[in-house]
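Counting the sequence shown from 1 gives a position; the working numbering is that position plus 79.
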Amino acid sequence: MLIRQLGKADATPYHSLRLRMLQLYPDAFTSSYEEDVGKPLSWVEARLVPPQGGPGFVLGACSGDGQIVGSVGLEVEARRKQRHKALLFGMYMAPEHSGRGGGRALVEACLERARRIPGLEQIYLTVTASNERAKRLYENAGFHVFGLEEHALKIDGRYFAKAHMVLRFAEPSGRQEADA
Numbered sequence: 080m081l082i083r084q085l086g087k088a089d090a091t092p093y094h095s096l097r098l099r100m101l102q103l104y105p106d107a108f109t110s111s112y113e114e115d116v117g118k119p120l121s122w123v124e125a126r127l128v129p130p131q132g133g134p135g136f137v138l139g140a141c142s143g144d145g146q147i148v149g150s151v152g153l154e155v156e157a158r159r160k161q162r163h164k165a166l167l168f169g170m171y172m173a174p175e176h177s178g179r180g181g182g183r184a185l186v187e188a189c190l191e192r193a194r195r196i197p198g199l200e201q202i203y204l205t206v207t208a209s210n211e212r213a214k215r216l217y218e219n220a221g222f223h224v225f226g227l228e229e230h231a232l233k234i235d236g237r238y239f240a241k242a243h244m245v246l247r248f249a250e251p252s253g254r255q256e257a258d259a
């Protein structure tokens, strides 16, 4: 399986994959199929190409025939006080390709690339609290749960909790102030 950065030319297949993941696993993602199906291709292109050449990216896992069958993204915080953090988002492997190490390869490639971003110290993500398989994937990559958001998502009258996870590359060197 080939892992590569996706670009503007990948917008159509990435959008199809994204809509599929939102349809199949609505409780796993904050975005919804109903909202994303109507977004223009220009929105998808912008997601794949960070503004002003920023350090964010979306990686795709491609099958032997070049089809995008998985993806993961990293969005680095833009504000000066938060540039040491990034959000891992949209982790997905198509069900017919799961269980073969592709998800682990995507996360590892994402983290390897993230470690090369100057000033980046930590990556955070949210995962549906009941999704033990996904939590194990992230824990095996070095993430740990630091909080639980009850009722984070509401889908058809049902609530889903989200576990907040973080991976720190190194302990922060700056002094941590207590909130006043």
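For each residue, glycine too, the CB sits at the ideal point set by N, CA and C.
Exercise for the section: Over the uninterrupted beta strand (DSSP E) stretch that includes residue 80, give me the two end residues. Expected result: Residue 80 -> no beta strand (DSSP E), and no H or E assigned at all.
Problem - Other residues of its chain near residue 80: CB distance less than 6 Å, five sequence neighbours each side excluded - result: 140 and 181
Problem - Sufficient close CB pairs (3 or more, under 8 Å) joining the stretch 214 to 221 to the stretch 104 to 111 - result: no
Handout entry: Continuous alpha helix (DSSP H) stretch holding residue 162: start and end
Key = Note, residue 162: premise wrong, no alpha helix (DSSP H); not H, not E.
Practice task
Compute the Euclidean distance between the alpha carbons of residue 258 and residue 145, then round it to the nearest angstrom.
Solution key: The predicted model places residue 258 with a pLDDT of 48, which falls under 50 and marks its position as unreliable, so this point remains unresolved.
Practice task
Kindly confirm or deny that the stretch 148 to 166 and the stretch 82 to 97 touch, where touching means at least three C-beta pairs closer than 8 Å.
Solution key: Verdict: yes, contact present.
Exercise for the section: Kindly identify the DSSP beta-bridge partner or partners of residue 230. Expected result: In the DSSP output, where bridge partners are listed per residue, residue 230 has none listed.
Exercise for the section: Say whether the stretch 185 to 194 touches the stretch 236 to 244, bearing in mind that this needs 3 or more beta-carbon pairs closer than 8 Å, one atom from each stretch. Expected result: no
Practice task
Assign residue 136 to one of two classes, buried (16 or more other C-beta atoms within 10 Å of its C-beta) or exposed (fewer than that).
Solution key: Buried, by the Cβ-count rule.
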